[in-house]
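Engineer: The structure is given below, and queries will be raised subsequently.
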Amino acid sequence: MNGYFVLVLHTHLPYVNHPNHELYLEERWYVEAVLESYVPLLMMFDRLQEKKVPFKVTISLSPPLLEMFRNATLTEKVKNYAQRLVELCEKEMTRASTQQERDLARFYRERFLGCLNYLSSVNGNLANGFRRHAQLGNVQLITCNATHGFLPLMRHQPFAVDAQIKVGVETFKRHFDFEPKGMWLAECGYYSGLDELLKKYDVEFFFVDSHALWYADEKPYFDVYRPIMTPSGVFAFARDPESSEQVWSATTGYPGDGRYREFYRDLGFDRDYEYIKPYIDKSGVRVNVGVKYHRITSRETPLDKKELYNREEALFAANEHALDFLNKKLIQINKLTSVFNQPPVIVAPFDTELFGHWWFEGPEFLENFFIEASKCKQIKFATPSEIIEKFDSFQIVTPADSSWGNGGYFDTWLNGKNDWIQLHLVEIRDRMKKLAETYVEEKDLLKVRVLNQMLRELLLAESSDWPFIMTTGTNVQYAVNRIKTHVKRFLDLETQLVKDNIDGEFLARLEQEDDVFPWIDYRSYAAFQTGKEG
Amino acid sequence: MTREELEIFLSQNPTIQQAKALARKLGLKVKKRMKKNEVFKLLEDFAKSLASEKKHEPVQPREARENELPQSYGSDKLVLLSVNPNLVYAYWDLSDETLSKLSRQKEVVLRLYDVTYVVFDGTNAHRIFEAGVHLSMTRNYYFHVPMANADYVAELGFKVEGNFVPVLRSNVAHTPSNTPSTSVRQRWCIKGKRTVRVGEPPLKPIERIHISSQLESGRP
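Top line first, the protein sequences correspond to chains A and B. Quick note, the first sequence lines up with residues 659 to 1192 if you use this note's numbering. Quick note, the second sequence lines up with residues 139 to 358 if you use this note's numbering.
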């Protein structure tokens, strides 16, 4: 054995819950992620377990996602949608003119039925599926800061960072009944001093991008190939740039292979309007429905010229790429071992939705990678906690302020397209803190509910997804509305509280729609002792 | 004539005579020797000066309109956030009192101080940067700053006879580092014991660098 491989799947979606509407356009993000990524990955883990293939994956589950997993209304929406897709596939099977098309329709039908079966096997809550593999020792589950708020932009309000971390740890405990050892910091957003707050909540490790170590206060002896210890004693694992590049690269990355499924060719756009109408958005706007018959063919091929998807060929490609990736890892491990004379630790973090949603065959790629790697002695899979146990020397450094976003710093979450949100976020945080202090002894249950809901609205407004969407430019209006809605709800509740004029119906509606962290206690926002300023 | 109508007219590629005729009708100065593209430019510039209909157009959904947020909270805050090693963002939210106080001044300025390793007392910054501010036009600024891995503080105030009078001071913002450390010190925790070594790592990282083609970097 001469190298460790730590695969990290960061699993997060913003909280999108519109219980008083039929399937909402943005709720499809969740439905698609469940049907295309989460369930296929969990089913893949089950297969590996059955085949007794040893594997280790670190999976962060963000608190909003955990809250969506337990949301029965959303689970019903996922099931209904999958059932409608089964029905669509049946129509497709009779409609198909060639055997190949009929086979594809049948393939999708079985796939959606499999998803439905899996969902009932975990009682509709995917956290149960993840828990099972955590108990089997295949998966180390970790948490994420409360609503995936981008922490470097909150550092001048340390009480806000404190709440993000506290709620992140607490949500995980409530769902799994054990403490999370690690935390995925939203967007790998780190600033020096953040480790002290992680320490406060017994978080033992987190992840940073490569340059957080390259530009640290002292040069990392093992580069990014061994976790470092921060001065407060928390471990930081840094991303291996090669692993990401091999998978992601626009020119040489695996997901662009012509044999893989084409994401942008979808029945939602291909079929006659009247025929597909029951399956697209309720407003009548065409959207992807998740049934896609074509393969990438080649990157230059225009969408209407794509060839039909061949599942066997695609699976063959996934196997080929798994072998290639394994081979590259072995070469890398050999090279690094000869440099360091010690086993390197290669950390490869990805967004979970890459596997299955964006790269349809991603789960099979990982499956093959685990199967093939289990035959090799030179590479060993490990979880971060195992790595910390295995080594007895760690360098102490303070990582550089950084993120894994475009450019490596904070530009994505603070630029001309989204900087207006700061005025509101900074203000409602200060107000929340003041109110929490003023009402710290409050006994009136209705007022307590208002204060708790205000903290929920504040946390939901802090999600990094909203400024991210404003930067990337798709669904901007939804993101803008979400920030405005949560800030407005916060301000309205505040007015009602202060004027002692609480609208119980309004409050109950917000509690139902913005139904996160039911146990939350606004007093924690007051409890924080302001430390030194960033 | 609205901006949209004028834009449509231009997009239909009218003849120079048609374009000149319209320009005259609109009261623009048309010279005899003007070439077609010059007349077009004249009309385009005029179009830009016209109010767009579009602003009133897309009727916002009811919910969105209800959600309009306050323009100001009157909180008298000056907030400074770092964006990357060479960019910091400052915004301010003023109370009516502060706003009227500043509005009476001829010269309102925003100052940025490099206070790295300094307990700032208003006078001991390493460097001072200053930019004039039009309070009626802007409520935020992006500063290009020279130093990565440095601490900055901003102050909003005004100048009287060359003297700066601060009104609001911001929090400290730290710009991220963008270079490897020059130190050769290594602190280690070996079997729970902390020790110090000296030396260079055996590997040099391959850092990312931004490439821009000539097209992107701007034309002459």
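Note that the Cβ used here is the ideal one computed from N, Cα and C, for glycine as well. Small disclaimer: the values here were computed from a predicted structure and weren't measured.
Tell me, please, whether the CB atom of T276(B) is closer than 8 angstroms to any CB atom in chain A?
Structural biologist: no
Engineer: With a cut-off of 8 angstroms, does the C-beta of I347(B) fall near any C-beta of chain A?
Structural biologist: no
Engineer: Hey, does T317(B) have any beta-carbon neighbour from chain E nearer than 8 angstroms?
Structural biologist: The displayed structure is made up of protein chains A and B, and chain E is not among them.
Engineer: My parser needs the beta strand (DSSP E) runs of 3 or more residues fully inside the stretch 702 to 740 of chain A; what are they?
Structural biologist: 715 to 719
Engineer: If I measure Cβ to Cβ from S210(B) and keep anything under 6 angstroms in the same chain, skipping five residues before and after, which residues do I get?
Structural biologist: D231
Engineer: State the DSSP-derived secondary structure class of Q990(A), mapped to helix, strand or coil.
Structural biologist: helix
Engineer: Taking DSSP as the reference, what is the three-state secondary structure of K192(B)?
Structural biologist: Since pLDDT at K192(B) reaches only 43, below the 50 mark, its modelled position is unreliable, and the value read off the structure follows with that caveat. Helix.
Engineer: Pop quiz: C327(B) and F788(A) are said to be a contact at Cβ under 8 angstroms. What is the actual Cβ separation, rounded to whole angstroms?
Structural biologist: With a Cβ gap of about 32 angstroms, C327(B) and F788(A) do not count as contacting.
Engineer: What does V217(B) touch in chain A if you count any residue whose Cβ is under 9 angstroms from its own?
Structural biologist: H814, Q1080, L1081, V1084
Engineer: Would S233(B) count as contacting chain A if we go by Cβ distances under 8 angstroms?
Structural biologist: no
Engineer: Going by other Cβ atoms of all chains shown within 10 Å of its Cβ, with 16 needed for buried, is Y255(B) buried or exposed?
Structural biologist: exposed
Engineer: Have a look at S220(B) and R813(A) and give me their C-alpha separation to the nearest angstrom.
Structural biologist: About 10 angstroms.
Engineer: With 7 angstroms as the limit, tell me which residues of the stretch 149 to 175 of chain B have their beta carbon closer than that to any beta carbon of chain A; keep them in chain order.
Structural biologist: none
Engineer: Between the Cα of S233(B) and those of R277(B), V226(B), F258(B), spot the shortest distance and give me the residue it belongs to.
Structural biologist: R277(B)
Engineer: With DSSP collapsed to three states, give me the class of P1007(A).
Structural biologist: strand
Engineer: Would you report the Cα separation of L218(B) and R307(B), rounded to the nearest angstrom?
Structural biologist: 9 angstroms
Engineer: Would you kindly check if the distance between the Cβ of E1095(A) and the Cβ of L1109(A) is under 8 angstroms?
Structural biologist: no
Engineer: Could you give the distance in angstroms between the alpha-carbon of A804(A) and the alpha-carbon of N175(B)?
Structural biologist: 57 angstroms
Engineer: When you compare each of V949(A), V1145(A), P1042(A) to V861(A) by their alpha carbons, which one comes out closest?
Structural biologist: P1042(A)
Engineer: Which residue's Cα is closest to the Cα of V336(B): K342(B), K329(B), N222(B), R325(B)?
Structural biologist: R325(B)
Engineer: So for H952(A), helix, strand or coil by DSSP?
Structural biologist: Strand at H952(A).
Engineer: Could you tell me which uninterrupted alpha helix (DSSP H) segments, each at least 4 residues in length, are contained entirely in the stretch 850 to 892 of chain A, listed from first to last along the chain?
Structural biologist: Look at the stretch 850 to 892 of chain A and you find these whole runs of alpha helix (DSSP H), each 4 residues long or longer: 852 to 858, 868 to 872.
Engineer: What residue does the alpha helix (DSSP H) around I1127(A) start on, and which one ends it?
Structural biologist: 1123 to 1130
Engineer: Apart from the five residues on each side of it in sequence, which residues of its chain come closer than 7 angstroms, Cβ to Cβ, to D1009(A)?
Structural biologist: H668
Engineer: With DSSP as the reference, label M1090(A) as helix, strand or coil.
Structural biologist: helix
Engineer: Establish whether the CB of T1143(A) and some CB of chain B are separated by less than 8 angstroms.
Structural biologist: yes
Engineer: With a Cβ-Cβ cutoff of 8 angstroms, do H833(A) and A763(A) count as a contact?
Structural biologist: no
Engineer: Report the CB separation of A161(B) from L180(B) in whole angstroms; it is logged as a contact under 8 angstroms.
Structural biologist: 6 angstroms
Engineer: Nearest chain B C-beta to F601(A) closer than 8 angstroms, yes or no?
Structural biologist: Absent from the structure is residue 601(A), since the part of chain A shown begins at 659 and ends at 1192.
Engineer: With three or more beta-carbon pairs closer than 8 angstroms as the criterion, would you say the stretch 943 to 961 of chain A touches the stretch 975 to 982 of chain A?
Structural biologist: no
Engineer: Let me check one thing: in DSSP terms, what residues is L665(A) bridge-paired to?
Structural biologist: A1006(A)
Engineer: Should V941(A) go down as buried or exposed, given a rule of 16 or more other Cβ atoms within 10 Å for buried?
Structural biologist: The sequence shown places Ser at residue 941(A), rather than the Val named in the question. S941(A) comes out exposed.
Engineer: With S220(B) as the anchor, note down where its beta strand (DSSP E) starts and where it stops.
Structural biologist: For S220(B), the uninterrupted beta strand (DSSP E) segment begins and ends at 215 to 222.
Engineer: Excluding the 5 residues preceding and the 5 following S1182(A) in the sequence, name in chain order all residues of the same chain whose CB lies nearer than 7 angstroms to its CB.
Structural biologist: A821, K824
Engineer: Label M1112(A) either buried or exposed according to how many other C-beta atoms from any shown protein chain fall within 10 Å of its C-beta, with 16 as the threshold for buried.
Structural biologist: buried
Engineer: Run through chain A and tell me which residues come within less than 7 angstroms of Q324(B), C-beta to C-beta.
Structural biologist: The contacting residues are E876, Y879, Q1053.
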